[in-house]
Amino acid sequence: MPTRLAQTVRDTRAVPHGTRHELSFGKAADDARIPAVLLLPDAATASSPAPLAVLLHGFSSRKEQMADTVGAALLRHGIGSLAIDLPLHGERITAGNETSWGLVGGYARAFDARAVNNPLALAGAWRTALRDARLALAYAGARPDVDRARLALVGYSMGSFLGVQVAADERAVRALVLAAGGDLPEGMPYARALRLIADPLRAVRRFDGTPLLMVHGRRDPTVRPDQAQRLFDAASEPKSLRWYDAGHYLPPAALDDAAVWLADQLSPAVVPVAS
């Protein structure tokens with residue numbers, strides 16, 4: 004039986020090239036809802052559904068940062084987006100448990116401090132994040148203004164580690180963009196145990212012809228270039244890896260390049276009919 008979904012829309016307003024909806028969604032039988040920002044291009048109507056990418060943010064980030072950067076770039080190219088707050092981030096931080104790391108690009112970086120030194124809590128949050136990303140794809144595909152045959156995933160940093168795992172299992176994902184992502188670092192403590200929970204190499208090897216674009220900074224100190232290259236080498240075609248003169252935070256040109264690539268991959272003439 005198909006999962007029944009529910010949503011609560013808190014705000015809707017016009018933005019350049021489309022409409023912004025602040026909402027939450029989830030299973031109708033559950034009280035919990037996933038906070039999200041939905042951007043739909045001007046052309047999104049019941050008679051002309053739009054392609055859409057689910058956006059997964061990085062560690063200590065939140066949905067607004069993805070919507071206002073990656074989402075805005077996609078919108079300029081006629082692609083909608085659904086940015087969600089992952090567990091322990093954004094609206095899902097319990098009041099009084101926030102740990103902050105300052106500002107990046109005008110956005111406060113914050114994380115729920117309860118899980119920082121609790122491996123079991125982090126593992127539980129990761130499993131919840133996987134479930135939430137899959138639910139986001141289901142929610143997007145159920146909307147009449149979204150073309151369920153033209154869904155994609157875009158992950159940034161931590162979100163790219165999550166995205167490659169989700170895309171390996173979800174046939175609904177027609178294209179994948181990994182920004183500042185790669186394999187786990189070599190020689191890290193508890194690497195074997197961690198790969199039981201999240202193994203990018205094993206996930207990317209399960210791709211069945213899913214187009215992959217990786218965009219990465221040549222000077223990234225967080226997810227190093229060798230990690231990106233290792234993941235790219237493990238992937239099968241079609242795939243592309245583009246380098247930028249940047250660190251962990253990629254320039255607007257990288258986001259626009261990714262948007263152009265996605266627009267090409269999600270063109271009705273390119274995407275096969277969903278089975």
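First residue of the sequence shown? That's 4 in our numbering, and the numbers climb one at a time after it.
Note that CB positions come from ideal geometry on N, CA and C, so glycine has one too.
Can you tell me the Cα-Cα spacing of residue i and residue j, whole angstroms?
i	j	result
residue 136	residue 248	30 Å
residue 24	residue 88	14 Å
residue 226	residue 161	9 Å
residue 289	residue 229	Given a span of 4 to 278 for the chain in the structure shown, any question on residue 289 remains unanswerable.
residue 36	residue 30	8 Å
residue 271	residue 215	18 Å
residue 129	residue 12	26 Å
residue 213	residue 54	16 Å
residue 252	residue 242	22 Å
residue 61	residue 96	15 Å
residue 224	residue 267	31 Å
residue 18	residue 147	20 Å
residue 233	residue 175	26 Å
residue 67	residue 237	32 Å
residue 32	residue 6	9 Å
residue 28	residue 16	18 Å
residue 254	residue 211	30 Å
residue 78	residue 14	18 Å
residue 159	residue 235	15 Å
residue 69	residue 198	27 Å
residue 50	residue 44	Unreliable placement is indicated for residue 50, whose pLDDT of 49 sits below 50; the coordinate value is still reported in the next sentence. The alpha-carbon atoms of residue 50 and residue 44 are separated by roughly 14 Å.
residue 63	residue 269	30 Å
residue 34	residue 246	43 Å
Relative to the C-alpha of residue i, which residue among the options is closest?
i	options	result
residue 202	238, 71, 187, 212	187
residue 181	81, 198, 163	163
residue 76	62, 183, 246, 259	259
residue 151	159, 173, 131	173
residue 71	39, 52, 146	39
residue 218	28, 7, 265, 131	265
residue 209	147, 235, 239	239
residue 52	153, 78, 6	153
residue 189	245, 254, 231, 34	231
residue 177	254, 274, 244, 235	274
residue 244	198, 78, 179, 211	179
Which whole-angstrom value describes the C-beta separation of residue i and residue j, a residue pair presumed to lie in contact below a C-beta threshold of 8 Å?
i	j	result
residue 74	residue 91	Their Cβ separation, rounded to whole angstroms, is 21 Å, which puts residue 74 and residue 91 out of contact at 8 Å.
residue 149	residue 83	6 Å
residue 85	residue 9	About 15 Å; that fails the 8 Å criterion.
residue 220	residue 183	7 Å
residue 93	residue 65	3 Å
Give a yes or no on whether the C-beta atoms belonging to residue i and residue j are separated by under 7 Å.
i	j	result
residue 256	residue 80	no
residue 21	residue 42	yes
residue 155	residue 56	yes
residue 222	residue 185	no
residue 126	residue 200	yes
Counting pairs of beta carbons, one from the region 203-213 and one from the region 165-185, are three or more of them closer than 8 Å? Remark: three or more beta-carbon pairs, one from each stretch, lie closer than 8 Å, so the region 203-213 and the region 165-185 are flagged as touching.
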